[in-house]
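Residues in the sequence shown are numbered consecutively from 1010, following the working numbering.
Notes follow once the structure below has been shown.
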Amino acid sequence: MDEVGGRTQGLADRMTDFAHRLGKFQGSMEAAAGRFTRIDKALAALTERTERLEAVVVERLDSVGGRIEAVESGVGAAVDGMNATVAGLSAGIGDVAAGVDEMSTTIAGMNADLTLAAGAVVPLADAVRSRPDREQIAETVSDAVTRAMEPARGDVARRLAALEETMLALAEVLLRPARGHAD
């Protein structure tokens, strides 16, 4: 019996030791559960902060996208405006070139007329110089030439003034700063 009592006592000691270790293990598990609870709370807070940050980032990206679209639209409008201005300038330059060509043709015609008139005047001038009343004839011819040339001179002056106005308007348009580039 002593032997059975010794074994029972050994078994009881082992059970006590096992119960003690089981108690320590339970304490460790409770401590770990507390740490896991804190980790869960920290993860929940981190998840919440991440979701708020994601919302802010998405909102700002949408805002940037809107701004980019506005800038693209503004640039497109500015390019369209510049294209229209260039087309207008091209038409204006064509008008000026046509005016210059017309003026050149008119001046060439006048030059031919003047050359023809000068050729006709030389014999008349010689005839007038040989006459005794040449002062009166010179005055009459001078008045006739002045009257004949006055319309042509007026026409040339009018056309030159119109050409000057066109060139000034064209220069003003070319030198005007571009609109719509405030973005």
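Glycine included, each C-beta is placed from N, C-alpha and C at the ideal position.
Residue i vs residue j beta-carbon contact at 9 Å
i, j, result
"I1102", "L1179", "yes"
"V1165", "T1115", "yes"
"D1122", "A1161", "yes"
"V1088", "A1126", "no"
"V1150", "V1130", "yes"
Sequence-distant residues of the same chain with beta carbon closer than 8 Å to residue i, five excluded per side
i, result
"V1105", "L1172, T1175, M1176 and L1179"
"L1133", "V1150"
Nonlocal neighbours in the same chain, by C-beta distance under 6 Å from residue i, ignoring five residues either side
i, result
"G1043", "none"
"A1191", "For A1191, the predicted structure reports a pLDDT of 49, less than 50, and the residue's modelled location is therefore unreliable. The matter cannot be settled from this model."
Best match in the options for proximity to residue i [C-alpha to C-alpha]
i, options, result
"V1182", "S1151, G1163, M1091 and Q1018", "M1091"
"R1163", "A1134, M1119, G1128 and R1185", "Here the sequence assigns Gly to residue 1163, which means Arg is not the residue at that position. Closest option to G1163, Cα to Cα, is M1119."
Residues near residue i in its chain [Cβ-Cβ closer than 7 Å; skip 5 each side]
i, result
"T1094", "none"
"E1060", "none"
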